[in-house]
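Protein sequence lines, in the order shown, are assigned to chains A and B. Per the numbering used here, the first sequence starts with residue 33, numbered consecutively. Per the numbering used here, the second sequence starts with residue 35, numbered consecutively. Beta carbons are placed, not taken as given, at the ideal position from N, Cα and C, and that holds for glycine. Notes to accompany the following structure.
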Amino acid sequence: MTLPSDLKDRFPLLSQIINGHQIVYLDSAASSQKPDSVIDAMNKYYRTINANVHRGAYEIAAQATEEMEQARKRIASFIGCTSSNEIVFTKNATESFNLIARSWGGNNLSQGDAVLISDMEHHANIVPWQILSAEKGFEIRWLPLTPEGLLDLSHLDRLLDGVKMVSITAMSNVLGTLNPVAEIAERAHSAGALVAVDGSQYVPHLPTDVQELNADLLCFTGHKMCGPTGIGVLWGREEILDSMPPFLGGGEMILDVRRDGFTPNELPHKFEAGTPPIAEIIGLGAAVDFLSSLGMDNIRHHEVTLTDYALRSLKDRYGEELVIHGPTDPSQRGGVLSLQYSDIHPHDLSQVLDQQGICIRAGHHCAKPLMRELGVGATSRASFYLYNTEADVDALVDSLELAGELFSV
Amino acid sequence: MSGLEELYKEIILDHYRNPRHRGELDCPPALKSEGFNPLCGDEVSLTFEVEDGSIKQLLIAGQGCSISQASASMMAAAVQGTSIDEVRDLTRKFKAMMSIHEEEMSASDHESISVTSLTLGDLEALKGVVKFPVRIKCATLSWNTLLTGLDDLEA
């Protein structure tokens, strides 16, 4: 089934005029736009039931708590998880990884142990491990890439020796590569390791089932999936989350506090210290309703078709002058295209495109180890989502022409 | 194309394509200062030799966008053989052109603390950057990196 053709109309920002042009938004890998239904749900909370949750016996406090916990259930079911106790709300995927490293890692890792990550990780899945490793002295190993930008699994079993945690992305935010998470998880489990997955680029774009992923922990963020900023999710198997000590301390995360100590709350509240971002949780609930109503299979199908169109259009027009990093087969990748056009620096390219109302990202995409592997300081990245159209791709393709003229390519 | 020609003047593209004073001096005796623009991944590495209060030679390594590279190249051309006081003065003038005014410096002070009649010369070509605020950091990266290096030297 195809997506409705008027989807852009449901995103108020996409009718904005930027530098004299109707905006062409091609940076959803950084942050997606928000549909009316999400903005309305958050407004409605503030306008009608704004109150703190899990306390207060009065009507609107009870309603706010109910709305938030209903959102938790719908977010759980969106990723194929049956118990909402396994859904921990964080600030973003970065905080989810810091929680895993600090809480699970702090309890389980020491000298002689190893954590396996990959060369295509976002800094969010690198730096928390490095911070902890400096304290605990465990080793961080790196799964290499093939020249085409896939994970190179040929030495996986050897690399897994002594590894307690494999922490990898399901989809690269630079190359678009979709990784065989379930296969890696199976081999990691056989080697006695747990598996944490960065779903930041995956969960917004593909049907996600944590059972099929075969992972133990999954991190993702709300603002890349039509939800608001300031809300992220950590999913974990209940027995693993149960075994982990609290991360941040304070209100909400305790059952009892005495002078000589405290008793942590039950899951998931054990990991949710302080007043949660209630409006953002409700907004993320509305976002998964929106995505579910369109159907994640349809969204994926739309993006594969669009990516295929973009890859062909760009190659047809610019040939060898344009390098597109990552897999060439649209079925092996998401709608994230990292481009290098002749010797035009990405920052210059994005500046020229901005003058035509086209938003793309230029920079290292918080993946500096990968940039070094690719031998570049930065790339220009165009990324697609459910609201992008072939006309958006055409605008991108045409706009490179102008940049080429300006820089005499 | 509003303002793009203003930004990407021919002389800027020339310095980008044919950067002057590229390379690295041996450290020591030369000094080294490195700067990063985390926003876009620009990196600049300056190595320079100071003799009798002047920059005897300065070379530039690193990578980045046309604005950061052209600015670095023009800066290198401007500061060879120049006294440190004059370099600091030139930096103030350049930053003022980028609409960055140090707190203690008002427009009238600007004249009185000028120790030199040095003009920005070719560097004036970078004036168009002011209209693109996100690019000001690109243009000032090499200058700030040089200032850090000079501060370290005098610390």
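Per-residue contacts from residue i into chain B (C-beta, under 8 Å)
i                      : result
residue 403 of chain A : 75
residue 342 of chain A : Simply none; closest approach about 23 Å.
residue 380 of chain A : 42, 99, 100 and 101
Presumed contact (8 Å Cβ cut-off) between residue i and residue j, rounded CB distance
i                      : j                      : result
residue 208 of chain A : residue 300 of chain A : Not really, about 32 Å apart at Cβ, beyond 8 Å.
residue 150 of chain A : residue 174 of chain A : 6 Å
residue 267 of chain A : residue 113 of chain A : 6 Å
residue 244 of chain B : residue 50 of chain B  : Given that chain B is displayed from residue 35 to residue 189, the structure contains no residue 244 of chain B and the question cannot be resolved.
residue 229 of chain A : residue 213 of chain A : 6 Å
residue 331 of chain A : residue 250 of chain A : About 18 Å; that fails the 8 Å criterion.
residue 57 of chain B  : residue 172 of chain B : At roughly 21 Å, the Cβ-Cβ gap does not stay under 8 Å, so residue 57 of chain B and residue 172 of chain B are not in contact.
Chain-ordered chain B contacts of residue i [CB-CB under 9 Å]
i                      : result
residue 410 of chain A : 74, 75, 76, 97, 98 and 99
residue 399 of chain A : Per Cβ cutoff of 9 Å: no residues; residue 399 of chain A is ~10 Å from chain B at best.
residue 396 of chain A : 72, 74 and 75
Alpha carbon of residue i to alpha carbon of residue j, nearest angstrom
i                      : j                      : result
residue 352 of chain A : residue 335 of chain A : 24 Å
residue 117 of chain B : residue 83 of chain B  : 12 Å
residue 218 of chain A : residue 246 of chain A : 7 Å
residue 393 of chain A : residue 294 of chain A : 46 Å
residue 104 of chain A : residue 116 of chain A : 6 Å
residue 161 of chain A : residue 147 of chain A : 8 Å
residue 78 of chain A  : residue 180 of chain A : 48 Å
residue 379 of chain A : residue 395 of chain A : 7 Å
residue 39 of chain A  : residue 65 of chain A  : 12 Å
residue 138 of chain B : residue 101 of chain B : Reliability fails at residue 138 of chain B, whose pLDDT of 47 lies under 50, so the model's placement of it is uncertain and the value that follows must be treated cautiously. Rounded to the nearest angstrom, the two C-alpha atoms are 28 Å apart.
residue 244 of chain A : residue 111 of chain A : 10 Å
residue 108 of chain B : residue 158 of chain A : 37 Å
residue 142 of chain A : residue 166 of chain A : 10 Å
residue 40 of chain B  : residue 302 of chain A : 56 Å
residue 339 of chain A : residue 357 of chain A : 13 Å
residue 62 of chain A  : residue 55 of chain A  : 16 Å
residue 81 of chain A  : residue 95 of chain A  : 7 Å
residue 42 of chain B  : residue 158 of chain B : 12 Å
residue 35 of chain B  : residue 435 of chain A : In this predicted model, residue 35 of chain B has a pLDDT of only 49, less than 50, meaning its place in the structure is not dependable; the value taken from the coordinates is given anyway. Each residue's Cα considered, the two are about 10 Å apart.
residue 70 of chain A  : residue 241 of chain A : 23 Å
residue 298 of chain A : residue 270 of chain A : 11 Å
residue 86 of chain A  : residue 283 of chain A : 11 Å
residue 237 of chain A : residue 326 of chain A : 12 Å
residue 361 of chain A : residue 203 of chain A : 14 Å
residue 391 of chain A : residue 132 of chain B : 25 Å
Chain-ordered neighbours of residue i on chain A, where CB pairs are closer than 9 Å
i                     : result
residue 38 of chain B : 383, 384, 387, 434 and 438
residue 47 of chain B : 438, 439 and 440
Listed by chain order, chain A residues near residue i by CB distance under 7 Å
i                      : result
residue 61 of chain B  : Simply none; closest approach about 22 Å.
residue 126 of chain B : Simply none; closest approach about 26 Å.
residue 122 of chain B : Going along chain A, no residue has its Cβ under 7 Å from residue 122 of chain B, so there is no contact; the nearest lies around 28 Å.
residue 82 of chain B  : Ordered by position in chain A, no residue passes the 7 Å Cβ test against residue 82 of chain B, which lies about 22 Å from the chain.
Per DSSP, cross-strand counterpart(s) of residue i
i                      : result
residue 419 of chain A : According to DSSP, residue 419 of chain A bridges with nothing at all.
residue 197 of chain A : A:147 and A:226
residue 96 of chain B  : B:78
residue 59 of chain A  : A:415
residue 70 of chain B  : B:77
residue 210 of chain A : A:203
residue 393 of chain A : A:413
residue 372 of chain A : A:355
residue 122 of chain A : A:264
residue 54 of chain A  : A:49
residue 252 of chain A : A:265
C-beta atoms of residue i and residue j nearer than 9 Å
i                      : j                      : result
residue 401 of chain A : residue 153 of chain A : yes
residue 319 of chain A : residue 264 of chain A : no
residue 412 of chain A : residue 372 of chain A : yes
residue 57 of chain A  : residue 424 of chain A : yes
residue 18 of chain B  : residue 409 of chain A : Outside the shown range of chain B (35 to 189) lies residue 18 of chain B, about which nothing can therefore be said.
residue 59 of chain B  : residue 93 of chain B  : yes
residue 33 of chain A  : residue 311 of chain A : no
residue 256 of chain A : residue 232 of chain A : yes
residue 95 of chain B  : residue 54 of chain B  : no
residue 120 of chain A : residue 273 of chain A : yes
residue 191 of chain A : residue 211 of chain A : no
residue 91 of chain A  : residue 314 of chain A : no
residue 420 of chain A : residue 367 of chain A : yes
residue 277 of chain A : residue 138 of chain A : yes
residue 145 of chain A : residue 227 of chain A : no
residue 428 of chain A : residue 346 of chain A : yes
residue 129 of chain A : residue 93 of chain A  : no
Contacts of residue i in chain B (Cβ-Cβ under 7 Å)
i                      : result
residue 430 of chain A : Those do not exist, as residue 430 of chain A stays about 14 Å from chain B at its closest Cβ, beyond 7 Å.
residue 357 of chain A : Chain B residues near residue 357 of chain A: none, gap ~15 Å exceeds 7 Å.
Neighbour list for residue i in chain A, Cβ cutoff strictly below 8 Å
i                     : result
residue 54 of chain B : Per Cβ cutoff of 8 Å: no residues; residue 54 of chain B is ~18 Å from chain A at best.
Near the ligand HEM: residue i beta-carbon under 8 Å from a heavy atom
i                      : result
residue 222 of chain A : Among the ligands in the structure shown, none appear at all, so the ligand HEM cannot be discussed.
Test: residue i CB closer than 9 Å to a CB of chain E
i                      : result
residue 221 of chain A : Absent from the structure: chain E. Protein chains present are A and B.
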